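K.L.:
For any residue, its number in my numbering is found by taking its place in the sequence shown, counting from 1, and adding 410.
For reference, the structure I am asking about is given below.
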Amino acid sequence: MEQPAINSPENDFYYPPPDVVSMAHIKEYEALYRRSLEDPQSFWGERAEELEWFQKWDQVLDDSNPPFYKWFPGAKTNIVYNALDRHLKTWRKNKLALIWEGEPGDVRTFSYYSLNREVCKFANVLRSMGVRKGDTVTIYLPRIPEQVIAMLAAAKVGAIHSVVYGGFSVESLAERIQDAQSRILITADGGWLRGKVVGLKDIADEAIARQATIENVIVVKRTGQDIYMEAGRDYWYHDLMSLPISSTSCFTEPMDAEDPLFILYTSGTTGRPKGILHTHGGYMVFTYTTLKYVFDIKDEDRWWCAADPGWITGHSYIVYAPLLNGATSFMYEGAPNHPYPNRWWRMVENYGITILYTAPTAIRGLMRFGDAWAKRHDLSSLRLLGSVGEPINPEAWRWYYSVIGKDNCPIMDTWWQTETGGFMITPLPITPLKPGSATRPFFGIDVDVVNEDGHPVAAGEEGYLVIKKPWPGMLRTLYRDPDRYREQYWGKFGDMYQTGDSARKDQDGYVWVIGRMDDVIKVSGYRLGTAEVESALVSHPAVAEAAAIGLPHEIKGNAIHAFVILRAGREQSDKLAEELRNHVAHEMGPIAKPEDVTFVDSLPKTRSGKIMRRVLKARALGQPVGDISTLEE
Ligand code: PRX
């Protein structure tokens, strides 16, 4: 193995400050990690004991039918019981659960008591609209407290929530509603972004026209412009919440540990987005434990996960894990640089944020404005920082560490996925860090890097990142598609979970995640599939065929570039290229809008007709195209 250069990030250790170590929940990693792998059942069983169950489990893990693992079978609970009801019996009843700031500057706060009150009221509304255990409810909202309330209310009555990110658009929303077969959609008139209204209800109306299951729409009033309300179908949230049916007490449905909690659609290698399914019991234990140990959540903390509840990061670490830990969370509606690039730093100072968890793209985006905006603010409340979503480049890591963390706040670079439910490879506050590495596996997580045949590769070599043992937060299946679940995640290596990422381990056992090996593109940390972008492009009447690839982008990490073959009789023009870019934004959402559209006469394909995106990418980057023996004439 080649030794890394002296000044490479692999030899660049950063050690935690003594006060961070002295207050850490976990003071020693190796022995506990070893124990957690030798006996995961007692490790997870002990963690589960910290939460409340209506009925205890028969066993911690049932692995009799892989890859359909069951955690805590026989147990009864409800994640909302542990996130809310449990705290009302303690002093935390009057503790702040959520502090929220809207982009225009409006502020709302909720204690555990008042959050529970709103959740109970809305759960009663849902019940009165006929929502029952096992039904799916689609939530399409901006980043406002009602998003959290709607998710918790659905889970409380035993329904399965399917949250669609508010930045998605017509077709993305329609296909997610259709796949989940939701009868109820919860949306808003609009949301604020960079001082402008994003008209969610208009998008929702267009999406509803494309699917066949929605019967009722509940609309939160956020931005106040005039919108279309269909009589008998659409209801204002505030009207429903003031009816006598929305009483402030509400029964929390007892659920089997393995009952579904939510579906979250995410992009995969091919075709339609996949409905990742998580359950009440295992997901609860896993998100609770990972947040507690990795970010050392304490009662006096002010935790800010700057993601959107519409993605897994927000599900796990804005909504569920902080509440399970009885923490105080901060949530912000809008853009980080609105109205000025100090918005985030002003809020850190204003609310005394102690832990900030965000994505490399946001860090790079704010870094570009220089140090002065951050230096104007007192950021000394910060104790820990976090990163998620894509590999963080060492330059952004060092800026985050020194300019935001003042060389005093360890950065928890957490590697995980929608499918894993929570942190998988991550430092703890006591871990010596290396900029750009997610460091070591979390307790109970057996990670390896293997070659094509499933054998571990040598230190320093790149290979497939796999997980060798089940864990409580793992997805249970793909909604209504168990075969695809088996094939997609367990098809290649049989008894090892295939992450879809490539990685290497260094001489110290630290994991360096390199990136996706499939047709998933991470744009600003958002997970998009080339197939979805392509299908949006070909839904335009001018387009015969399309290919989308991701190319490196300084701020976004990757950006989408599209190649298009026009239908006969259509002329290429800059105007049409612009129209196609806007068409993708309209169908999927602005995050999927291609950087550029190139018109071509043909696309590189295999003889079986598969587009060779690898060839397009190599060509665009001016790199050798590699093996093209399977290329069609
Ligand atoms: O490629 C990895 C990257 O994000 C993918 C998962 O995306 P998603 O399901 O949207 O979940 C993102 C938030 C958990 C992974 O397959 N990824 C996530 N975190 C990291 C990362 N890559 C490197 N370092 C990370 N910390």
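In this text, a Cβ means the ideal position worked out from N, Cα and C, and glycines have one as well.
Nothing here was measured: the structure is a model prediction, and the numbers come from that model.
Compute every distance between the C-beta of residue 801 and the non-hydrogen atoms of the ligand PRX, then say whether any falls below 7 Å.
P.N.:
Residue 801 sits at position 391 when you count from the first residue of the sequence shown. Flag set: Cβ of residue 801 near the ligand PRX.
K.L.:
Start and end of the alpha helix (DSSP H) containing residue 530?
P.N.:
Looking up residue 530 in the sequence shown gives position 120. Counting along the chain, the alpha helix (DSSP H) containing residue 530 begins and ends at 522-538.
K.L.:
Determine the direct distance from the alpha carbon of residue 532 to that of residue 411, and round the result to whole angstroms.
P.N.:
On the sequence shown, residue 411 is found 1 positions in, with the first residue counted as 1. On the sequence shown, residue 532 is found 122 positions in, with the first residue counted as 1. Low confidence applies here, because residue 411 scores a pLDDT of 45, under 50, leaving its location unreliable and the question unanswered by this model.
K.L.:
Taking all protein chains shown into account, do 16 or more other C-beta atoms lie within 10 angstroms of the C-beta of residue 661, making it buried, or fewer, making it exposed?
P.N.:
Position 251 of the sequence shown, counting from 1, holds the residue named residue 661. Burial call: exposed.
K.L.:
Are the CB atoms of residue 1023 and residue 940 nearer to each other than 8 Å?
P.N.:
Locating residue 1023 in the sequence shown gives position 613, where the first residue counts as 1. Locating residue 940 in the sequence shown gives position 530, where the first residue counts as 1. Cβ atoms of residue 1023 and residue 940: closer than 8 Å.
K.L.:
Quick check on residue 652: buried or exposed, where buried means 16 or more other Cβ atoms within 10 Å of its Cβ?
P.N.:
In the sequence shown, residue 652 corresponds to position 242, counting from 1. By the neighbour-count rule (16 or more Cβ atoms within 10 Å), residue 652 is not buried but exposed.
K.L.:
Would residue 630 and residue 556 qualify as a contact pair, given that the criterion is a beta-carbon distance under 8 Å?
P.N.:
Residue 630 sits at position 220 when you count from the first residue of the sequence shown. Residue 556 sits at position 146 when you count from the first residue of the sequence shown. For residue 630 and residue 556, yes; Cβs fall inside 8 Å.
K.L.:
Helix or strand or just coil, what does DSSP make of residue 927?
P.N.:
Translated into positions along the sequence shown, residue 927 becomes position 517. If DSSP states are grouped into helix, strand and coil, residue 927 belongs with coil.
K.L.:
Measuring CB to CB, does residue 715 end up less than 8 Å from residue 727?
P.N.:
In the sequence shown, residue 715 corresponds to position 305, counting from 1. In the sequence shown, residue 727 corresponds to position 317, counting from 1. In this structure, residue 727 lies closer than 8 Å to residue 715 by Cβ.
K.L.:
Is there at least one non-hydrogen atom of the ligand PRX closer than 7 Å to the beta-carbon of residue 501?
P.N.:
Working through the sequence shown from its first residue, we reach residue 501 at position 91. False, no ligand heavy atom lies under 7 Å from that Cβ.
K.L.:
Within 10 angstroms of its Cβ, does residue 690 collect 16 or more other Cβ (buried), or is it exposed?
P.N.:
Taking the first residue of the sequence shown as position 1, residue 690 is located at position 280. Buried, by the Cβ-count rule.
K.L.:
In terms of alpha-carbon separation, which member of 898, 546, 866 lies closest to residue 625?
P.N.:
Numbered from its first residue, the sequence shown carries residue 625 at position 215. Of the candidates 898, 546, 866, the one whose C-alpha sits nearest the C-alpha of residue 625 is 546.
K.L.:
Residue range of the beta strand (DSSP E) that residue 626 falls in?
P.N.:
Start at 1 with the first residue of the sequence shown, and residue 626 comes out as number 216. It spans 626-630 - the beta strand (DSSP E) in which residue 626 sits, taken as one unbroken run.
K.L.:
Measuring alpha carbon to alpha carbon, tell me which of 780, 786, 664, 820 ends up nearest residue 797.
P.N.:
As a position in the sequence shown, residue 797 is number 387, starting the count at 1. Closest option to residue 797, Cα to Cα, is 820.
K.L.:
Got a sec? Which residues, its chain only, sit under 8 Å from residue 498 by beta carbon, not counting five neighbours each side?
P.N.:
Locating residue 498 in the sequence shown gives position 88, where the first residue counts as 1. Excluding residues within five positions, the ones whose Cβ falls inside 8 Å are 522, 523, 526.
K.L.:
Once you ignore the five residues that flank residue 1040 on each side, which residues in its own chain have a CB closer than 7 Å to its CB?
P.N.:
For the purposes of this step, residue 1040 is identified with residue 630 of the sequence shown, where counting begins at 1. So the qualifying residues of the chain are 1016, 1017.
K.L.:
Go to residue 463, then tell me how far its alpha helix (DSSP H) extends in each direction, as first and last residue.
P.N.:
Reading the sequence shown from its first residue, position 53 is the one you call residue 463. Residue 463 -> no alpha helix (DSSP H), and no H or E assigned at all.
K.L.:
If I'm right that residue 914 touches residue 871 with Cβ under 8 Å, what's the distance once you round it to whole angstroms?
P.N.:
Position 504 of the sequence shown, counted from the start, is the residue given in the question as residue 914. Position 461 of the sequence shown, counted from the start, is the residue given in the question as residue 871. Sure, about 6 Å apart at Cβ, within 8 Å.
K.L.:
Can you tell me whether DSSP reads residue 934 as helix, strand or coil?
P.N.:
Residue mapping note: residue 934 aligns to position 524 of the sequence shown, counting from 1. Coil, per DSSP.
K.L.:
Taking just the CA atoms, how far does residue 741 sit from residue 683?
P.N.:
Here residue 683 corresponds to residue number 273 of the sequence shown, with the count starting at 1. Here residue 741 corresponds to residue number 331 of the sequence shown, with the count starting at 1. Straight-line Cα distance between these residues: approximately 27 Å.
K.L.:
If you draw a straight line from the C-alpha of residue 795 to the C-alpha of residue 639, how long is it?
P.N.:
Here the question's residue 795 lines up with position 385 in the sequence shown. Here the question's residue 639 lines up with position 229 in the sequence shown. If you take the alpha carbons of residue 795 and residue 639, they lie about 43 Å apart.
K.L.:
For the alpha helix (DSSP H) holding residue 721, just list the boundary residues, first then last.
P.N.:
If you number the sequence shown from 1, residue 721 lands on position 311. Here residue 721 belongs to no alpha helix (DSSP H), and DSSP marks it neither H nor E.
K.L.:
Look at residue 764 and residue 711 and say whether their C-beta atoms are less than 8 Å apart.
P.N.:
Stepping through the sequence shown from its first residue, residue 764 is reached at position 354. Stepping through the sequence shown from its first residue, residue 711 is reached at position 301. Against a cut-off of 8 Å, the Cβ pair of residue 711 and residue 764 comes out as a contact.
K.L.:
If we require 3 or more residues per run, which beta strand (DSSP E) segments fall completely within the segment 743-787?
P.N.:
Entirely contained in the segment 743-787, the beta strand (DSSP E) runs reaching 3 residues are, in chain order, 765-768.
K.L.:
Could you tell me if residue 566 is buried or exposed, where buried requires 16 or more neighbouring beta carbons within 10 angstroms of its beta carbon?
P.N.:
For the purposes of this step, residue 566 is taken as residue 156 along the sequence shown, with counting starting at 1. Flag for residue 566 reads buried.
K.L.:
Relative to the alpha-carbon of residue 459, which residue among 692, 983, 1013 has its alpha-carbon at the smallest distance?
P.N.:
As a first step, residue 459 is located in the sequence shown; it is residue number 49 there, counting from the start. The shortest C-alpha separation from residue 459 is found at 692.
K.L.:
So, does the segment 512-522 touch the segment 471-488, judging by three or more C-beta pairs under 8 Å?
P.N.:
Counting Cβ pairs under 8 Å, fewer than three are found: no touch.
K.L.:
Measuring straight from C-alpha to C-alpha, what distance separates residue 752 and residue 766?
P.N.:
For the purposes of this step, residue 752 is taken as the residue at position 342 of the sequence shown. For the purposes of this step, residue 766 is taken as the residue at position 356 of the sequence shown. About 15 Å.
K.L.:
Buried or exposed for residue 602, please, with buried defined as at least 16 other CB atoms from any protein chain shown within 10 angstroms of its CB.
P.N.:
Taking the sequence shown and counting its residues from 1, the one referred to as residue 602 is at position 192. Flag for residue 602 reads buried.
K.L.:
Spatial neighbours of residue 419 within its chain, please: C-beta separation below 6 Å, excluding the five flanking residues on both sides.
P.N.:
Along the sequence shown, read from residue 1 onward, the residue named residue 419 stands at position 9. Excluding residues within five positions, the ones whose Cβ falls inside 6 Å are 804, 844, 845, 846.
K.L.:
Classify residue 479: buried if its beta carbon has 16 or more other beta carbons within 10 angstroms, exposed otherwise.
P.N.:
In the sequence shown, counting from the first residue as 1, residue 479 sits at position 69. Buried, by the Cβ-count rule.
K.L.:
Excluding the 5 residues preceding and the 5 following residue 1005 in the sequence, name in chain order all residues of the same chain whose CB lies nearer than 7 Å to its CB.
P.N.:
Numbered from 1 along the sequence shown, position 595 holds the residue referred to as residue 1005. Excluding sequence neighbours, residue 1005 sits near 969, 970, 971.
K.L.:
If you drop the 5 nearest sequence neighbours on each side, which residues of the same chain put their C-beta closer than 6 Å to that of residue 987?
P.N.:
Reading the sequence shown from its first residue, position 577 is the one you call residue 987. Cβ neighbours of residue 987 beyond the five flanking positions: 1007.
K.L.:
Check residue 852 in the structure and name its three-state DSSP category.
P.N.:
Stepping through the sequence shown from its first residue, residue 852 is reached at position 442. Note: residue 852 maps to coil in three-state DSSP.
K.L.:
If we count Cβ pairs, one from each stretch, closer than 8 Å, do we get three or more for the segment 642-659 versus the segment 528-542?
P.N.:
A contact exists between the segment 642-659 and the segment 528-542.
K.L.:
Give the straight-line distance between the Cα atoms of residue 604 and residue 928, rounded to the nearest whole angstrom.
P.N.:
Indexing the sequence shown from 1 puts residue 604 at position 194. Indexing the sequence shown from 1 puts residue 928 at position 518. Whole-angstrom Cα-Cα distance: 33 Å.
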